[in-house]
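Only one structure is covered here, and it is reproduced in the block below.
There are 4 protein chains.
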Amino acid sequence: MRAPRITIFNEFRHEQRDAAVRDIYPDGIHVALADGLRASAEAGGHPAPVVRYALLDDPGHGLEGDVLEKTDTLIWWGHEAHADVSDEAAARVQQAVLSGMGLIVLHSAHFSKPFRLLMGTNCSLHWREADDHERLWNLEPAHPLLEGIPDSFVLEQEEMYGERFDVPAPAEVLLLSWFSGGEVFRSLCTWRRGHGRVVYFRPGHETYPTYYDPNVKQIIANAGRWAARTVNRSTAEAPNAAVPPEQER
Amino acid sequence: MRAPRITIFNEFRHEQRDAAVRDIYPDGIHVALADGLRASAEAGGHPAPVVRYALLDDPGHGLEGDVLEKTDTLIWWGHEAHADVSDEAAARVQQAVLSGMGLIVLHSAHFSKPFRLLMGTNCSLHWREADDHERLWNLEPAHPLLEGIPDSFVLEQEEMYGERFDVPAPAEVLLLSWFSGGEVFRSLCTWRRGHGRVVYFRPGHETYPTYYDPNVKQIIANAGRWAARTVNRSTAEAPNAAVPPEQER
Amino acid sequence: MRAPRITIFNEFRHEQRDAAVRDIYPDGIHVALADGLRASAEAGGHPAPVVRYALLDDPGHGLEGDVLEKTDTLIWWGHEAHADVSDEAAARVQQAVLSGMGLIVLHSAHFSKPFRLLMGTNCSLHWREADDHERLWNLEPAHPLLEGIPDSFVLEQEEMYGERFDVPAPAEVLLLSWFSGGEVFRSLCTWRRGHGRVVYFRPGHETYPTYYDPNVKQIIANAGRWAARTVNRSTAEAPNAAVPPEQER
Amino acid sequence: MRAPRITIFNEFRHEQRDAAVRDIYPDGIHVALADGLRASAEAGGHPAPVVRYALLDDPGHGLEGDVLEKTDTLIWWGHEAHADVSDEAAARVQQAVLSGMGLIVLHSAHFSKPFRLLMGTNCSLHWREADDHERLWNLEPAHPLLEGIPDSFVLEQEEMYGERFDVPAPAEVLLLSWFSGGEVFRSLCTWRRGHGRVVYFRPGHETYPTYYDPNVKQIIANAGRWAARTVNRSTAEAPNAAVPPEQER
Chain A
1 MRAPRITIFN
11 EFRHEQRDAA
21 VRDIYPDGIH
31 VALADGLRAS
41 AEAGGHPAPV
51 VRYALLDDPG
61 HGLEGDVLEK
71 TDTLIWWGHE
81 AHADVSDEAA
91 ARVQQAVLSG
101 MGLIVLHSAH
111 FSKPFRLLMG
121 TNCSLHWREA
131 DDHERLWNLE
141 PAHPLLEGIP
151 DSFVLEQEEM
161 YGERFDVPAP
171 AEVLLLSWFS
181 GGEVFRSLCT
191 WRRGHGRVVY
201 FRPGHETYPT
211 YYDPNVKQII
221 ANAGRWAART
231 VNRSTAEAPN
241 AAVPPEQER
Chain B
1 MRAPRITIFN
11 EFRHEQRDAA
21 VRDIYPDGIH
31 VALADGLRAS
41 AEAGGHPAPV
51 VRYALLDDPG
61 HGLEGDVLEK
71 TDTLIWWGHE
81 AHADVSDEAA
91 ARVQQAVLSG
101 MGLIVLHSAH
111 FSKPFRLLMG
121 TNCSLHWREA
131 DDHERLWNLE
141 PAHPLLEGIP
151 DSFVLEQEEM
161 YGERFDVPAP
171 AEVLLLSWFS
181 GGEVFRSLCT
191 WRRGHGRVVY
201 FRPGHETYPT
211 YYDPNVKQII
221 ANAGRWAART
231 VNRSTAEAPN
241 AAVPPEQER
Chain C
1 MRAPRITIFN
11 EFRHEQRDAA
21 VRDIYPDGIH
31 VALADGLRAS
41 AEAGGHPAPV
51 VRYALLDDPG
61 HGLEGDVLEK
71 TDTLIWWGHE
81 AHADVSDEAA
91 ARVQQAVLSG
101 MGLIVLHSAH
111 FSKPFRLLMG
121 TNCSLHWREA
131 DDHERLWNLE
141 PAHPLLEGIP
151 DSFVLEQEEM
161 YGERFDVPAP
171 AEVLLLSWFS
181 GGEVFRSLCT
191 WRRGHGRVVY
201 FRPGHETYPT
211 YYDPNVKQII
221 ANAGRWAART
231 VNRSTAEAPN
241 AAVPPEQER
Chain D
1 MRAPRITIFN
11 EFRHEQRDAA
21 VRDIYPDGIH
31 VALADGLRAS
41 AEAGGHPAPV
51 VRYALLDDPG
61 HGLEGDVLEK
71 TDTLIWWGHE
81 AHADVSDEAA
91 ARVQQAVLSG
101 MGLIVLHSAH
111 FSKPFRLLMG
121 TNCSLHWREA
131 DDHERLWNLE
141 PAHPLLEGIP
151 DSFVLEQEEM
161 YGERFDVPAP
171 AEVLLLSWFS
181 GGEVFRSLCT
191 WRRGHGRVVY
201 FRPGHETYPT
211 YYDPNVKQII
221 ANAGRWAART
231 VNRSTAEAPN
241 AAVPPEQER
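In order, the protein sequence lines correspond to chains A, B, C and D. Number 249 marks the last residue of the first sequence (this note's numbering); no jumps. Number 249 marks the last residue of the second sequence (this note's numbering); no jumps. Number 249 marks the last residue of the third sequence (this note's numbering); no jumps. Number 249 marks the last residue of the fourth sequence (this note's numbering); no jumps.
Structure (structure tokens):
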């Protein structure tokens, strides 16, 4: 198995502007995510991923040229600036997924443009910033996304996300979250769109050190491998099959 | 059960321009569809639907004001002029479905803007205009969409649509088509999006009298009832659940 | 719409032996369920269901002769005596579902023979009798099973059932439960098996007055209508299609 | 990735009794299948599978002791003697799948006991032995089961299997078959049951050299890897979670 080429998109604004966030992620959430990917690969005996960053304020958000074509899995973190992602870039991410690229959507990126385009729904949910604790229950311990994950684990402080999550019924619901305030959430979900795989993973509010949690890191690393591109084929064209295959026999 | 309010969107251009199509559908495909809905309701003892037309070249495509809000099921036929539907109208249809309206997408409307927005994929397929005959196999005779439909039926002449159909895996695949030239197709599919139901039904090329076929008419009438709106609730907002429900007990 | 013929299977042993249960359900859980069905039908303007009881200790469990064939929906409550249901009766219930009968499986009947036969899995789960309270979250307010049900509701005391629930991925997950002790559960699920519909609904421990709760009653009544038989066709035979349909044209 | 341990169950009666079948598969279908697995592994740079045979007329069908526990994927071919498989062995195969073993069900094994137990349905279909040719259409070229498979391929002679196939809606439908006589079939399907994966693959009538077809061999080899066990955990028990996790924090 060759090394997956993983691109991490990050808004990278909270970390630069807000000291509390910078204290947790001094180099940005994208760097913490990349460190987790590398550590998991090393621990699991997998080839180290080839990581690239794509930051919102980079030219073309860092997603221009052949970046997407040469990406096996794109990880997306965004929160306050979804509108600053160009429609053109969002549409190219959508087409890249349909052509075979994997997409891992983290936390508040439920409202990101590429995820909404791919889901076709509003992707709304209930939320509360109130230091809930979150308990995540493992519905499918045999699934590759949950390799190495216990039957449940706790995040001591997280933003609450509660149902109803306005997404199409997932192909797989792999984790369900329980929140101390009384809510539940489908926290790890997968869909196939075109030739690509889409994963949504709930945790990761910027004011908590969630992306240093070993289970969270492991799941993102598993997802990076599992969703990786196997083909690169556009689905945009509708070919005229002018000659019936039965006639060609 | 109250009468469903059904709006039929039709491009209505082939019928005005092309004598061969006009010979088959002199008043337009929309009128043939409406006649089928009414006849099926009468035969089945259901309340007659309240039918409204929305034509591409009507002002606002006939979809402005409270039309969508007062529509339980929207039927959509389009072919050569998908690009002439305004993005704004397509987005309003998408939101209406997410809020609870049913949407029945016919034949070449696989490439219509509202369907593509709701699916999030390219909705491409293979096709051939060559007088194939089509045999449709009934996978779920107990499903309400297939009430009154035999285990298989034949359309003597139809345009061929072949896989791969680039749509998200349907919640239900209810009919599979066999074509004489050698292809197969998932011809009757359902999805739930937001609070609404989406149905795709393959047959209906404008140069064939498909919408007079009794089985085709019955399926569209069944779908009009089955997909009808039960709620009208936007999913656009993400409410702040500031007070934990456990605290309110 | 004609009146659904609903058969309620009940073990009816706790109620006869255990005074605490009898205090809650003096005539048996089956009678409380039937009262709920009738009240909901009356309130909703639906035809009153034709209710029949089938008790474990009745001859043939009350399921012999043409009972199943003349049942549109079978509701099943069992807990401590699953093993006392004959294999032959369980197999006949399985075949009746495959032929089109609806089956509503309540609470501890997750371990009943008919449900396990239809699921093909062990249907295990975690549990705790400890006066948890349960909050049920409505994922699909537009679904017929949830007509009239609020976005969430609470049962003040219930037995806890927690994931992992060993069932095939449901076609639809309609309610998720939150328990005060920390667990979550997929509490209202549907599957299609053969020509029949199967519904699992979690609440209903015999030591709590759960089946008097208005939301619980409403959901069971909705399910009784929604799952009702539309066909009666065995799927047991594999017919030899000796003459190709293409040859018969 | 370590070498998958693959057990091939074969009735091995046609080949011993019927000269026409023996001419095609002189050492038995199981040996042809094993050769295909090894050749595919070598061609793809995968570790060679550790193959074991389990024949119907072996003691305990070759499935006793720790065979199932030490099997990552079980391949099953049976046709005329499903009834000769003991109920006890079938139940152990079912439990092995629920505990994490993969199961690949070939052709006429749609009626095998383990498959029927896992599906919970009758698994019936239409059939015809009449030298139809079969064209298989690839719905998901990016799926690991279809690695290396073209967009369609033809089997020059095969038994026809036609819908309706009485199985639960598959998690994934990956190939659709077109038959020259007029029928269609969902020919490559997957389900998750317990911790295990189940694959049904249609082709393989004993009077045709189907298991020498390169695409058929490739798909079976892909499936052997894809479905391989990742855990070994029984789902039979329902643990009492007597202490609420929230109390243990």
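Glycine is no exception: its CB is placed at the ideal position from the N, C-alpha and C atoms.
Any Cβ of chain D closer than 9 Å to the Cβ of W191 of chain C would place that residue at the interface, and such an atom is present. Every alpha helix (DSSP H) stretch that sits fully inside the segment 113-182 of chain B and reaches 4 residues is listed by chain position as 113-119. Residues of chain C with a Cβ closer than 7 Å to the Cβ of A130 of chain B do not exist; the shortest Cβ-Cβ separation is about 17 Å. The beta carbon of E163 of chain C sits closer than 8 Å to those of L125, H126, E183, V184, F185 and R186, all from its chain and outside the five residues before and after it, given in chain order. Fully enclosed alpha helix (DSSP H) runs of no fewer than 4 residues occupy 29-44 of the segment 24-84 of chain D, in order along the chain.
When Cβ-Cβ separations below 9 Å define contact, R164 of chain B makes contact with chain A. Taking 9 Å as the threshold, the shortest C-beta distance from N222 of chain C to chain D does not fall below it. Cβ contact annotation for K70 of chain A (same chain, cutoff 7 Å, sequence separation greater than five): R5, in chain order.
Under the Cβ criterion (8 Å, minimum of three pairs), the segment 30-49 of chain C does not count as touching the segment 110-117 of chain C. For V105 of chain C, the enclosing beta strand (DSSP E) stretches over residues G102 to L106. L74 of chain C does not reach chain A, its nearest Cβ partner there being about 26 Å away, counting only Cβ pairs nearer than 7 Å. Here the C-alpha atom of W77 of chain C lies approximately 23 Å from the C-alpha atom of N138 of chain C. Neighbours of L118 of chain D in chain C, taken as residues whose beta carbon is under 7 Å from its own, are G120 in chain order. Beta-bridge pairing by DSSP links R197 of chain C to C:R192. If the five residues before and after L63 of chain A are omitted, its C-beta is found closer than 6 Å to the C-beta atoms of A54 and A89, all from its own chain and listed in chain order. Think of a sphere of 9 Å around the beta carbon of T230 of chain B: the chain C residues whose beta carbon falls inside it are P141, A142, H143, P144 and E147, in chain order.
At least one CB atom of chain B sits nearer than 9 Å to the CB of N240 of chain A. Remark: C-beta atoms of L74 of chain A and T7 of chain A approach each other more closely than 9 Å.
Residue pairing by DSSP leaves V243 of chain D without any beta bridge partner. Excluding five sequence positions before and after G100 of chain C, the CB atoms of its chain that fall closer than 8 Å to its own CB belong to G194, H195, G196, R229, T230, V231, N232 and R233, given in chain order.
Contact annotation for V184 of chain A against chain C: W137, L176, W178 and V184 [CB-CB distance below 7 Å, chain order]. Boundaries cannot be given for N232 of chain B, as no beta strand (DSSP E) includes it and DSSP labels it neither H nor E. Per DSSP, R225 of chain D is one residue of the alpha helix (DSSP H) stretching across P214 to W226. Contact annotation for P203 of chain B against chain A: no contact, minimum CB-CB distance about 17 Å [criterion: below 8 Å]. In the DSSP assignment, R17 of chain D falls outside any beta strand (DSSP E) and within the unbroken alpha helix (DSSP H) covering H14 to R17.
Looking at the DSSP output, T7 of chain C sits in a beta bridge with C:R52 and C:L74. In the DSSP annotation of this structure, the continuous segment of the alpha helix (DSSP H) that includes E88 of chain D starts and ends at D87 to L98. Residues L136, W137, N138, L139, S187 and L188 of the same chain have their beta carbon placed closer than 7 Å to that of L175 of chain D, with the five preceding and five following residues left out of the count. Flagged as an interface residue toward chain C: W127 of chain D, by a C-beta distance shorter than 9 Å. Considering only C:E172, C:G181 and C:P150, the residue with the shortest C-alpha distance to Y200 of chain C is C:E172. A direct Cα-Cα distance of roughly 49 Å separates P209 of chain C from A223 of chain D. At a C-beta separation below 9 Å, E156 of chain C has no neighbours in chain D, since its nearest C-beta there lies roughly 16 Å away.
Here the alpha carbon of L33 of chain B sits roughly 47 Å from the alpha carbon of D213 of chain D. Around the beta carbon of S86 of chain D, fewer than 16 other beta carbons sit within 10 angstroms, so the residue counts as exposed. A241 of chain A places its beta carbon less than 9 Å from that of G181 of chain B.
Among the CB atoms of chain D, one or more fall inside 9 Å of the CB of E172 of chain B.
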